[in-house]
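Working notes for the structure below.
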């Protein structure tokens, strides 16, 4: 039987407006836990030069610690201000 997967959508706000998001994107790619797969990253303009990153990840359903690992890894990245899980849904 194939293992079920989850799609997690996470909003990441930079620490300040107007900073270059490319280094942050690269750090996110390099910091993902082993079980997490990057599906896509989308830039979402907020206001006054602030642009959020919406990161979509595919995660294994049978690893309850993966979100904690992921949040800890993201919080260590220089330039990230706030992390918000927007949604988690099961992929069929």
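In this note's numbering, the protein residues as written are 2 to 93. Each residue gets a CB set at the ideal place from its N, CA and C atoms; glycine is no exception.
Exercise. Do you know offhand how far residue 58's Cα is from residue 38's?
Worked result: 6 Å
For this session: Reducing DSSP to helix, strand and coil, say where residue 6 ends up.
Result: strand
Exercise. Taking the alpha-carbon positions, what's the residue 19 to residue 52 distance?
Worked result: 8 Å
Problem set entry | For residue 66 and residue 5, believed in contact at Cβ under 8 Å, the rounded distance | With a Cβ gap of about 16 Å, residue 5 and residue 66 do not count as contacting.
Exercise. Can you tell which of 85, 15, 7 and 72 has the C-alpha that lies nearest to the C-alpha of residue 46?
Worked result: 15
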